[in-house]
Amino acid sequence: MEFVNESQEKIKSDLLTVNMGPQHPATHGVLRVEIKTDSEIVSEAIPHIGYLHRCMEKHSESIDYRGVIPFCDRMDYLAAMSMEWGYVQAVEKLLETEVPERAEYIRVIIAELQRIASHLLFYGVYAIDLGAFSPFLYAFQDREKILRIFEEVSGARLLYNYFWIGGVWNDLTDDHLRRIGSFCDEMEENMKKYHNLVGMNKIFRDRTSHVGVVNEKMAYEYGATGAVLRGSGAKWDLRKNRTYGIYDKFDFDVPVGTGEMGTQGDCWDRYYVRVREVFESIKIIRQALEGIEAGPIMGKVPKIIKPPKGEVYVRTECPRGELGYHLVSDGTAKPYRLKVKSSCFTHVSMLPELGKGQMIADFVATIGSIDIVLGEVDR
Amino acid sequence: MSNEIVDFLNKEVPTSNAKLLEVEAGDVPVVVEASSIKDVCFALRDSSDFKFEVLQVISGVDYEDRIEVNYMLASFTKNNEVIVKVNLPKENKDSIPEIESVCDVWKSANFLERETYDMNGVKFLNHPDFRRILCPDDWEGHPLRKDYVVQEKYLDMVVNPEHKINQGDFDFMTKAKLESDEPKKITGSWKGHVSDEMADALKRKMDSLAAAKSE
Numbered sequence: 007m008e009f010v011n012e013s014q015e016k017i018k019s020d021l022l023t024v025n026m027g028p029q030h031p032a033t034h035g036v037l038r039v040e041i042k043t044d045s046e047i048v049s050e051a052i053p054h055i056g057y058l059h060r061c062m063e064k065h066s067e068s069i070d071y072r073g074v075i076p077f078c079d080r081m082d083y084l085a086a087m088s089m090e091w092g093y094v095q096a097v098e099k100l101l102e103t104e105v106p107e108r109a110e111y112i113r114v115i116i117a118e119l120q121r122i123a124s125h126l127l128f129y130g131v132y133a134i135d136l137g138a139f140s141p142f143l144y145a146f147q148d149r150e151k152i153l154r155i156f157e158e159v160s161g162a163r164l165l166y167n168y169f170w171i172g173g174v175w176n177d178l179t180d181d182h183l184r185r186i187g188s189f190c191d192e193m194e195e196n197m198k199k200y201h202n203l204v205g206m207n208k209i210f211r212d213r214t215s216h217v218g219v220v221n222e223k224m225a226y227e228y229g230a231t232g233a234v235l236r237g238s239g240a241k242w243d244l245r246k247n248r249t250y251g252i253y254d255k256f257d258f259d260v261p262v263g264t265g266e267m268g269t270q271g272d273c274w275d276r277y278y279v280r281v282r283e284v285f286e287s288i289k290i291i292r293q294a295l296e297g298i299e300a301g302p303i304m305g306k307v308p309k310i311i312k313p314p315k316g317e318v319y320v321r322t323e324c325p326r327g328e329l330g331y332h333l334v335s336d337g338t339a340k341p342y343r344l345k346v347k348s349s350c351f352t353h354v355s356m357l358p359e360l361g362k363g364q365m366i367a368d369f370v371a372t373i374g375s376i377d378i379v380l381g382e383v384d385r
Numbered sequence: 004m005s006n007e008i009v010d011f012l013n014k015e016v017p018t019s020n021a022k023l024l025e026v027e028a029g030d031v032p033v034v035v036e037a038s039s040i041k042d043v044c045f046a047l048r049d050s051s052d053f054k055f056e057v058l059q060v061i062s063g064v065d066y067e068d069r070i071e072v073n074y075m076l077a078s079f080t081k082n083n084e085v086i087v088k089v090n091l092p093k094e095n096k097d098s099i100p101e102i103e104s105v106c107d108v109w110k111s112a113n114f115l116e117r118e119t120y121d122m123n124g125v126k127f128l129n130h131p132d133f134r135r136i137l138c139p140d141d142w143e144g145h146p147l148r149k150d151y152v153v154q155e156k157y158l159d160m161v162v163n164p165e166h167k168i169n170q171g172d173f174d175f176m177t178k179a180k181l182e183s184d185e186p187k188k189i190t191g192s193w194k195g196h197v198s199d200e201m202a203d204a205l206k207r208k209m210d211s212l213a214a215a216k217s218e
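And the structure:
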């Protein structure tokens, strides 16, 4: 590129290569994005992943079916319960196990609480990305209440091993159910406040509207799911469209991006989809709390799990998008192959196209808005 | 559902030779010829009946004589899903089979094919940016092959050096068994490299327990 300075001399300029990451707070983990910049404009963005690759898929080929559940936790450590559910469902589908009614209710309650916790973390961290620190503290206050409940129920704060094949490990007591109910009331009030604090803020709106636009066609081409797909206006939610568990019993909406503050499918839309999903989750939890009845929490599962030969591909709706497990069984006590379809992985592959032509600061906003967890990307 | 897809493929892409896989349990994949995969993908994406506009994941499975590549397709507008399976024969254990890339059909195939190459060792022809993705570029071997051996040295660094191994982690289960009155009740999937003294001590304990029981 050539410029002319004040004294009419020609100055040559090249593209400058900047490494964003791996240790950069704005990349939410160890993501490295190699950016070729033309002053402040990103002309090429190449994501480099693999820094957190822990061979989860290889490990799971050498342990029994129950032993894989803790590995699922560690893939997406911010939504561990949802990750477990997908795997457990895959094994149950191979084994054709019946899960008791109460266990299904508990699963829905816990998974929706996990969704709220994950979206709260997104809310806090995204505000930090854009320069606001205090929303993070508010979000963590409420997330802490969920983690307390999880700790009492499963014994761990982050990596639970709570969903077991055939049911759940531990029962929820009436006291837990009452506390979850009162938490929902609290959360509903708080989330409205939080959204007014950040989502309606002029600076936040200016930073996120019209930025990082993913339209419906692009979302389909890249296989985007979750809030990224819904932000672009596609009304697709596995819980509604391909019901699993007992989600068909509940009445809830699927929020989609409408482009109120800018273009349909921009960062603000994705943010607002997640905020509204928190309210929908609260709605589901309230209905589940009404419907739950006493009963067993574990179905009949053989002591040594040996599913028949075959393969399944099971999809569930995680906070970050669709999660798929491709489980191949060869009839022995260990999985022959477990392939994890991670939504974050496909979302990272959108970065080169999203980043092109953006300002660097907008690129940070874009990365934050697709809400990736590098543990799930690299596995 | 899968039956209709097989009929459709055999009509639309005659070279695909599509058929259903016979399985004992689980999902029923559609098996097609490897040479026709790109035509099959175009046909499934553009058909007005199925509209598989999303490629969810590519999953490679390694067997002794072949590598299976599974394309998980989904349609959000028609609410369908299907597994399209391709068999790629391996000549020997080091050979890298080749297949046509489907990056022109779905952009998501770019990263997924790179991952399948990295992990399973399948070469995708005419891929725009073909290199490893999770492992470093100079990594040897493909980890998800069943016969994969961890390399001893990487860039002159010893992989898993002895002084970095925490023997306490490996001995954990044996130690618990030694301290327990009923060692047989302590079970777990963790089987590491237990040190010789610990293994001997446990063996002596089990023998003495067995002797006491027989008396």
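Protein chains in written order, with the working numbering: chain A, 7 to 385; chain B, 4 to 218.
Glycine included, C-beta positions come from ideal geometry on N, C-alpha and C.
Quick caveat: nothing in here was measured; it's all calculated off a predicted structure.
Kindly give me the distance between the Cβ atoms of residue i and residue j, rounded to whole angstroms, as I take these residues to be in contact under 8 angstroms.
| i | j | result |
| --- | --- | --- |
| V219/A | G271/A | 5 angstroms |
| A388/A | D377/A | As displayed, chain A neither begins before 7 nor continues past 385, which places residue 388/A out of reach and without an answer. |
| L58/A | G381/A | 6 angstroms |
| D30/B | Y319/A | 6 angstroms |
| S88/A | P325/A | 6 angstroms |
| V108/B | F45/B | 6 angstroms |
| R213/A | L136/A | 5 angstroms |
| E104/A | E299/A | Actually they do not touch by this definition, with Cβ atoms about 16 angstroms apart. |
| L181/B | K216/B | The pair is not a contact, with the Cβ atoms about 18 angstroms apart (cut-off 8 angstroms). |
Classify residue i as helix, strand or coil using the three-state DSSP reduction.
| i | result |
| --- | --- |
| G363/A | coil |
| I376/A | coil |
| P92/B | strand |
| D230/B | In the structure as shown, chain B begins at 4 and stops at 218. Residue 230/B is therefore absent and cannot be evaluated. |
| C324/A | strand |
| I75/A | helix |
| R385/A | coil |
| V152/B | coil |
| H54/A | strand |
| F351/A | helix |
| R134/B | coil |
| N25/A | strand |
| R1/A | Beyond the ends of chain A as shown, which are 7 and 385, falls residue 1/A; an answer cannot be given. |
| A300/A | coil |
| G330/A | strand |
| G171/B | helix |
| R117/B | helix |
| I311/A | coil |
| D71/B | The sequence given here places Glu at residue 71/B; Asp does not occur at that position. Residue state, collapsed to three classes: strand. |
| F55/B | coil |
| V162/B | coil |
| V43/B | helix |
| I209/A | helix |
With distance defined between alpha-carbon atoms, name the residue in the options nearest to residue i.
| i | options | result |
| --- | --- | --- |
| P358/A | S111/B, S198/B, V35/B, E27/B | S111/B |
| M75/B | V114/A, Y331/A, S140/A | Y331/A |
| I303/A | K255/A, Y57/A, I55/A, D177/A | D177/A |
| V379/A | A85/A, Y166/A, V318/A, V39/A | A85/A |
| L205/B | A179/B, V152/B, N73/B | A179/B |
| I252/A | L235/A, M26/A, F351/A, A109/A | A109/A |
| S188/A | L119/A, A300/A, S45/A, K345/A | L119/A |
| H216/A | V105/A, Q95/A, H125/A, Q364/A | Q364/A |
| D199/B | E218/B, S211/B, S217/B, F173/B | F173/B |
| E391/A | R80/A, E283/A, R184/A | Because chain A here runs from 7 to 385, residue 391/A falls outside it and cannot be looked at. |
| E7/B | L158/B, S50/B, S38/B, E27/B | S50/B |
| V346/A | I366/A, D259/A, V383/A | V383/A |
| Y83/A | D243/A, Y166/A, R321/A, R149/A | Y166/A |
| V43/B | E27/B, F133/B, V26/B, K22/B | K22/B |
| L91/B | T80/B, E118/B, F127/B, A214/B | F127/B |
| V279/A | G301/A, K362/A, S375/A | S375/A |
| V260/A | R248/A, Y250/A, W242/A | W242/A |
| V72/B | E94/B, I40/B, R48/B | I40/B |
| V97/A | S348/A, I366/A, E317/A | E317/A |
| A202/B | E15/B, E116/B, Q170/B, V26/B | Q170/B |
| D79/A | I69/A, E67/A, G27/A, Y93/A | Y93/A |
| M169/A | R72/A, E150/A, S13/A, L244/A | Note that residue 169/A corresponds to Phe in the displayed sequence, not to Met. Of the listed residues, the one whose Cα sits closest to F169/A is R72/A. |
**Prompt:** Taking contact to mean at least 3 C-beta pairs separated by less than 8 angstroms, is the segment 79 to 87 of chain B in contact with the segment 54 to 71 of chain B?
**Reply:** In this structure the segment 79 to 87 of chain B touches the segment 54 to 71 of chain B; the number of beta carbon pairs closer than 8 angstroms is three or more.
**Asked** Is there contact here, the segment 94 to 102 of chain B with the segment 330 to 344 of chain A, by at least three beta-carbon pairs under 8 angstroms?
**Response** In short, these stretches do not touch, since the Cβ pair count stays below three.
**Request:** Evaluate the contact criterion for the segment 285 to 292 of chain A versus the segment 180 to 197 of chain A: three or more CB pairs, one atom per stretch, below 8 angstroms.
**Result:** Taking a cut-off of 8 angstroms on C-beta distances, the segment 285 to 292 of chain A touches the segment 180 to 197 of chain A, as three or more cross pairs fall below it.
**Inter-stretch contact at 8 angstroms, needing at least 3 Cβ pairs: the segment 138 to 151 of chain B / the segment 63 to 79 of chain B** = By the Cβ criterion, the segment 138 to 151 of chain B is in contact with the segment 63 to 79 of chain B, since at least three pairs of Cβ atoms, one from each stretch, lie closer than 8 angstroms.
**Asked** Is it a yes or a no for the segment 259 to 279 of chain A touching the segment 214 to 228 of chain A, going by three-plus beta-carbon pairs under 8 angstroms?
**Response** With the cut-off at 8 angstroms, the segment 259 to 279 of chain A and the segment 214 to 228 of chain A touch.
**Item:** Ranges of the beta strand (DSSP E) found wholly within the segment 220 to 296 of chain A, counting only runs of at least 3
**Value:** Within the segment 220 to 296 of chain A, no beta strand (DSSP E) run of at least 3 residues lies entirely inside it.
**Request:** Write down every uninterrupted run of the beta strand (DSSP E) in the segment 113 to 187 of chain A whose length is 3 residues or greater and which is fully enclosed by it, in chain order.
**Result:** With a minimum length of 3 residues, no continuous beta strand (DSSP E) run stays inside the segment 113 to 187 of chain A.
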